[in-house]
Each structure stands twice: as structure tokens, then as C-alpha cells.
Amino acid sequence: MGILLFVLRACCVVLMLIFGLLSVAVIFPLASSGVRSAMGMYWSRLLMWFCGVGLRVQGKPASAGAALWIVNHVSWVDIFVLNSVRTTAFVAKSDIRRWPLIGWLAVGMNTVFIERGNRAAIRAVTEQMKSCFGKGEAVSLFPEGTTSSGRDVGPFHSSLFDAALRAQVDVQPVALRFFHRGQRSDYVAFVGEQTLVQNLWYLLGTTGVQVEVVFLEVMSAQYCEQLGRSQVAAHAHRVIRQAVTGAAGQ
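The working numbering puts the first residue of the sequence shown at 12, with every later residue one more than the last.
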């Protein structure tokens, strides 16, 4: 069952990724921003369905206008999970750019890549984020800088929070909680020395994977300006960690 399910889903996912690449190359240059956003959202929902990932949304997302979503990071699917709610730009590690299909698609979907450990790159990434805000777009940021098991939240790096403060946009913490067959689980977490192929095997070969996307209280631009970068990061970390660990026993 696991092998057959994996093969079937893998074929569907590859076809979806190819369709996504063709859409980005052919349709996106001719389409309005609204059409691109809608296509990205519905395509992401369909991709997650083919991957066997169920979605459940709690809270009210910032659904229009510029905003910074601060999100804990568990897996490569996080990007597509969030895009299933609202198409956003992403700040992602530069390694993803080199992944076959997924990386190529990320390039075409307004992803801002940052090289881990390169502090000189932060200024350029900040300017790219401000450009997205200037166009009324939301940006999703994973301030842990790496993935975790999803059972807890690692320390946040606050340097890229500057973009939101300078652009005076609202900040919304978002918690991702992963379940497997009804229980909180790290089964599909993309962590450690695991390869992308290994993670795909776990994800596509099983059933009962669900992600809760918990949208927490929005921090207004004015409130963020009063707090400052470090305190905004600390507040976001606190409420996201509370949402993630508070449900660990469920």
C-alpha cells in the first residue's frame, strides 16, 4: 500500500510541479497580480491535496494588503501550506533554489533567497522585502533560520524584522502544528540529515497528515514601532511557541 500510494502521489506531484513551472513561465508574465495570486493559492491547495496533506485554519489571517507573517518552520511544505491560505512572498534559504522542480518553482513564485550565515546579504534581502511590501504583498518569514520537529520552536533571528518596521506594515505571528493520524507528530518534519527524497517517501507514502495553520493576533505597525525589532521578535516567538507547545498533548 505504501509503495503504490507513494508512486501514485509522486507522479501527480511531478505533474503538478511541471504545470506550475509552465504557468510561471507562460501565464504569469501576462496575468494581473490578482490572477497570479488566485492561481498560486488554488494550485498550492491542489498540490497539498495530492501530497495527502489536509489543512485546517484557525484564527483570522491578514487577507489583504502588505503584512509580515512570522512562522515556525517544520518542512518544505510550509510554503505551500501558507500559500493555500494566501499567496505570499517568502524568505527562504538559498539551498532551496537548487532543488529540482521545487527550487525552480520557488524562483518563479516571488521567493526571496538568503544565504545562511552571510550577514552581508541581509541588507539586500531587507530591500527585496520592502519592495514586496510596497506592492501591497504579504511576506512570510521563518525566523528560526532552519526547520524543527514542530514540537517546539527554536530561537528567532530578528535582523529581517527591520523590513516590516521600516515599511510600517502589520506583523502577524502564525503557528504551524503538524498531525499524523489524529496525533501531534514530527513524522513528516524535514529535519537533521534527512534528504528531500527521504522526506518525500515519508510524506507521500502515508495517510492522515494534517496541518493546522493558527493565525494569532496581529501586531499593528504602530505597536511594532513602539516595541522595536528585538521585542517584536520576542513577542512573536512567545505567542507562536505557546500555540505550538500548548497543543502538544492533543
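Even for Gly, the Cβ is constructed at its ideal location relative to N, Cα and C.
Bear in mind that the values here come from a model prediction, so they are computed numbers and not experimental data.
(request) May I ask you to verify whether the region 85–93 touches the region 231–248, counting CB pairs closer than 8 Å and requiring at least 3? (result) Not touching, per the Cβ criterion.
(message) Assess contact between the region 122–141 and the region 226–233, defined as three or more Cβ pairs (one per stretch) separated by less than 8 Å. Is contact present?
(response) Touching, no.
(message) Cutting at 8 Å between CB atoms, please list the residues of its own chain near Ala200, excluding the five before and the five after it.
(response) Excluding sequence positions up to five before and after Ala200, its CB lies within less than 8 Å of the CB of Val85, Ser86, Thr158, Ser159, Ser160, Gly161 and Phe189, all in the same chain and listed in chain order.
(request) Would you identify the three-state DSSP class for Trp212, choosing helix, strand or coil? (result) Trp212: helix per DSSP, three-state reduction.
(request) With a 10 Å radius around its C-beta and 16 neighbouring C-beta atoms as the bar for buried, classify Arg192 as buried or exposed. (result) It is exposed - the Cβ of Arg192 has fewer than 16 other Cβ atoms within 10 Å.
(message) With a threshold of 8 Å on Cβ separation, who are the neighbours of Phe30 within its own chain once the five nearest residues in sequence on each side are excluded?
(response) Answer for Phe30: Trp54, listed in chain order.
(request) Would you list, in sequence order, the uninterrupted beta strand (DSSP E) runs of no fewer than 3 residues that lie entirely inside the region 114–168? (result) The qualifying runs are 122–125 and 149–152.
(request) Please state whether DSSP places Asp181 in a helix, a strand or coil. (result) Residue state, collapsed to three classes: strand.
(message) Tell me the rounded alpha-carbon separation between Gln183 and Tyr234.
(response) The straight-line gap from Cα to Cα measures roughly 12 Å.
(request) Compare the C-alpha of Leu57 against each of Gly76, Met27 and Val68 and name the closest. (result) With distances taken between Cα atoms, Leu57 lies closest to Met27.
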